[in-house]
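Numbering (our numbering), first residue to last: 3 to 123.
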Ligand code: HEC
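Given below as structure tokens:
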């Protein structure tokens, strides 16, 4: 097998599929997400208070999902939290939010959770 030829070709195919998926995802997010026009803080508080609390507890103290309070999150690296939030964790029933949250909204949300600013205890 001629690796010097097939490896770059495989990368090219992989990258072109990735960019297609990213474009589709961002288009879908823009078209299907009615909350997109609202300021992020309203949108993110709305999502947390209506959805995240179902599994993470009314005060984000934990439920079927782990706590999302500052004392718990302190030990968790940003990248881990961001990946779980955007792409979910199917074996543990954490849904993926990449269809509703942009990457920058997800980063902003995690920063807010870290300082306990999303839901007052
Ligand atoms: C259907 C239940 C459910 C909903 C709704 C849900 N989560 Fe989760 N979440 C989980 C579970 C279960 C885990 C644990 C995943 C694991 O063990 O890997 C988790 C993990 C996480 C983690 C990673 C925590 C860690 O220890 O690494 C973050 C961050 C998170 N959720 C944020 C959110 C946010 C923000 C929302 C709302 C947008 C949300 N979740 C909605 C069930 C849920």
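Glycine residues also receive a C-beta, built at the ideal position from the N, C-alpha and C atoms.
It should be emphasised that the depicted structure is a prediction, and the values quoted were computed from it without experimental measurement.
Problem - Sequence-distant residues of its chain with Cβ nearer than 8 Å to residue 72 (five each side left out) - result: 115, 116, 117, 118
Practice task
Leaving out five residues on either side along the sequence, give the residues of the same chain with a beta carbon under 6 Å from the beta carbon of residue 66.
Solution key: 57
Handout entry: residue 112 and residue 84 closer than 8 Å at C-beta
Key = yes
Practice task
With a 10 Å radius around its C-beta and 16 neighbouring C-beta atoms as the bar for buried, classify residue 51 as buried or exposed.
Solution key: exposed
Problem - residue 76: first and last residue of the uninterrupted alpha helix (DSSP H) it sits in - result: Segment: none, residue 76 is in no alpha helix (DSSP H) and carries neither H nor E.
Handout entry: Rounded Cβ spacing between residue 55 and residue 62 (contact assumed at less than 8 Å)
Key = That belief holds up - the Cβ atoms of residue 55 and residue 62 are roughly 7 Å apart, short of 8 Å.
Problem - Chain-order list of residues whose beta-carbon lies under 7 Å from that of residue 64 (same chain, five-residue window excluded) - result: 58
Problem - Alpha carbon of residue 29 to alpha carbon of residue 102, nearest angstrom - result: With a pLDDT of 47 at residue 29, under the threshold of 50, the modelled position of this residue cannot be trusted; read the value that follows with caution. Cα-Cα distance, rounded: 11 Å.
Exercise for the section: Provide the residue(s) that pair with residue 91 in DSSP beta bridges, ordered along the chain. Expected result: 96
Practice task
In the DSSP assignment, find the alpha helix (DSSP H) that holds residue 104 and state where it starts and stops.
Solution key: Looking at the DSSP string, residue 104 is not in any alpha helix (DSSP H), and its letter there is neither H nor E.
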